[in-house]
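Engineer: Dropping the structure in here first, questions after.
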Ligand code: SF4
């Protein structure tokens, strides 16, 4: 099991008295702390060898920051051309201690340190205001956009506050998306059925070669079983699916392993998405992970500018997994992440054209399958 331990903690003056800052510092009593003002990685001169591998070096610094912007936002998948699932993202942490070769954060973030937005109460107030402004909407809100939701949580302890906050919100569901197995500390929390813990999954052969420092597939499934036994709904994201020589056997086996471990009744949803990347990522991955095989094959630019496998390859991957899920668990809703309605045809049982249509499929499934909880969910 992987545990994160920073080499130093930088604290924005503005959050030095925040309860979360005190909590995090108390968990690393041996780590030096420094108060900073307007910290910028580019101004660093004290990092030992910043040019050698800044992305790995940067993760050893934990920066507790005052976050001023809008923390709850529409998912970047929202677009006129792609069928999104009407999802919201909540920015609590930027960057991740895991090392997935294909991780888009390597090209996306403007600094390699791990940043925690420590003014948690302000951020939660933003969530309260946003969700209460539309009381008839069920907000699905995930924290796994700019980090892994649970990779750091065993040591930082942020989600115990967030889960309990969401338990009291009438019209929101929290999704914690992870490749870790750190759930023990969450099992006894009063989550009120308002948190879904989800796992990004791949066949173990891909995890071993491309998802360094993450939990093995067996560890993830064991953690999912524990979460499910503790009353959490769970979810799975086949994302990013990789086209590799043994893909058919690998993904079919993966679907079987999931249902061997978790009852379909406890699975809120399953999403599918194939590898996609912005072109600036490739040179970074070539340098950091020269043995990675993720970018082998033919890719084409999509309507959002991201590179993807050819349409026939994506459809083949989706259809194969979707049919297997349909056979083993026909009531579990599945959806494609960041694909056009065109791609849904010939791959999926439904062909929604818009985000509300797509979201309606998920919500109706939740309502039907969790009628007791539906009153507080819908
Ligand atoms: S777990 Fe997610 S955020 Fe972390 S390195 Fe892997 S892809 Fe990036």
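Numbering (the numbering used here), first residue to last: 36 to 413.
Backbone N, C-alpha and C define an ideal beta-carbon position, used for all residues, glycine too.
Three-state secondary structure (DSSP) at residue 330?
Structural biologist: Residue 330 falls in the coil class under three-state DSSP.
Engineer: Count the other CB atoms within 10 Å of the CB of residue 343; is the residue buried (16 or more) or exposed (fewer)?
Structural biologist: By the 10 Å Cβ count, residue 343 comes out buried.
Engineer: Please list the segments of the beta strand (DSSP E) lying wholly inside the stretch 86 to 142, counting only runs of 3 or more residues, in order along the chain.
Structural biologist: Complete beta strand (DSSP E) runs here, min 3: 96 to 100, 107 to 109 and 123 to 125.
Engineer: Do the stretch 165 to 179 and the stretch 115 to 124 meet, that is, are 3 or more Cβ pairs less than 8 Å apart?
Structural biologist: Enough Cβ pairs lie closer than 8 Å, so yes.
Engineer: Compute the distance between the beta-carbons of residue 192 and residue 213, then report whether it is under 8 Å.
Structural biologist: Cβ distance not < 8 Å, so residue 192 and residue 213 don't count as in contact.
Engineer: What did DSSP end up calling residue 377 once you bin it into helix, strand or coil?
Structural biologist: It is helical.
Engineer: With 16 other CB atoms within 10 Å as the buried threshold, where does residue 86 fall?
Structural biologist: Reliability fails at residue 86, whose pLDDT of 49 lies under 50, so the model's placement of it is uncertain and no value is given.
Engineer: Based on DSSP bridge pairs, tell me the residues matched to residue 304.
Structural biologist: DSSP lists 270 as partners of residue 304.
Engineer: State yes or no: is the C-beta of residue 310 nearer than 7 Å to some heavy atom of the ligand SF4?
Structural biologist: Every heavy atom of the ligand SF4 is 7 Å or more from the Cβ of residue 310, so no.
Engineer: Can you name, in chain order, every residue of its own chain whose Cβ lies under 7 Å from the Cβ of residue 134, other than the five neighbours on each side?
Structural biologist: 247 and 248.
Engineer: The alpha helix (DSSP H) that contains residue 395, what's its start and end?
Structural biologist: Run containing residue 395: 390 to 404, per the alpha helix (DSSP H) assignment.
Engineer: Kindly confirm or deny that the stretch 306 to 316 and the stretch 284 to 291 touch, where touching means at least three C-beta pairs closer than 8 Å.
Structural biologist: The stretch 306 to 316 vs the stretch 284 to 291: no contact.
Engineer: My guess is that residue 329 and residue 352 are in contact by the Cβ rule of under 8 Å, so how many angstroms apart are they, rounded?
Structural biologist: Wrong, their Cβ atoms sit about 14 Å apart, outside the cutoff.
Engineer: Buried or exposed: which applies to residue 109, given that a residue is buried once 16 or more other Cβ atoms fall within 10 Å of its Cβ?
Structural biologist: Exposed, because fewer than 16 other Cβ atoms sit within 10 Å of the Cβ of residue 109.
Engineer: Less than 8 Å between the C-beta atoms of residue 46 and residue 63, yes or no?
Structural biologist: Their beta carbons are not under 8 Å apart, which means residue 46 does not touch residue 63 by this criterion.
Engineer: Return the bridge partner residues of residue 343 from the DSSP annotation.
Structural biologist: 311 and 335, per the DSSP bridge assignment.
Engineer: What residue range does the alpha helix (DSSP H) around residue 196 cover?
Structural biologist: Taken as a continuous stretch (DSSP letters only), the alpha helix (DSSP H) holding residue 196 covers 194 to 202.
Engineer: Cα separation between residue 267 and residue 297?
Structural biologist: C-alpha separation (whole angstroms): 12 Å.
Engineer: Taking 7 Å as the cut-off, does the CB of residue 133 come closer than this to any heavy atom belonging to the ligand SF4?
Structural biologist: Residue 133: yes, Cβ under 7 Å from the ligand SF4.
Engineer: For residue 334, which residues from the same chain have a beta carbon less than 7 Å from its beta carbon, with the 5 sequence-adjacent residues on both sides left out?
Structural biologist: Cβ within range, chain order: 342, 343 and 344.
Engineer: Go to residue 241, then tell me how far its beta strand (DSSP E) extends in each direction, as first and last residue.
Structural biologist: Segment 239 to 245 is the alpha helix (DSSP H) holding residue 241; no beta strand (DSSP E) there.
Engineer: Suppose the cutoff is 6 Å on Cβ atoms and the five residues either side in sequence are ignored; what does the same chain contact list for residue 111 look like?
Structural biologist: None.
Engineer: Nearest-angstrom Cα distance between residue 252 and residue 270?
Structural biologist: Going by the C-alpha atoms only, they are around 14 Å apart.
Engineer: In the structure shown, what three-state DSSP assignment does residue 220 receive?
Structural biologist: If DSSP states are grouped into helix, strand and coil, residue 220 belongs with the helices.
Engineer: Could you pull the start and end residues of the alpha helix (DSSP H) that residue 47 belongs to?
Structural biologist: Where residue 47 is concerned, there is no enclosing alpha helix (DSSP H), although the beta strand (DSSP E) it sits in stretches over 43 to 47.
Engineer: Quick one: measure Cβ to Cβ for residue 140 and residue 181, integer angstroms, because I've assumed they're closer than 8 Å.
Structural biologist: Going by Cβ atoms, the distance from residue 140 to residue 181 rounds to 7 Å, so yes, they are a contact pair.
Engineer: Within 8 Å, do at least three Cβ pairs link the stretch 227 to 241 to the stretch 202 to 212?
Structural biologist: The stretch 202 to 212, when compared against the stretch 227 to 241, does touch it at the 8 Å Cβ threshold.
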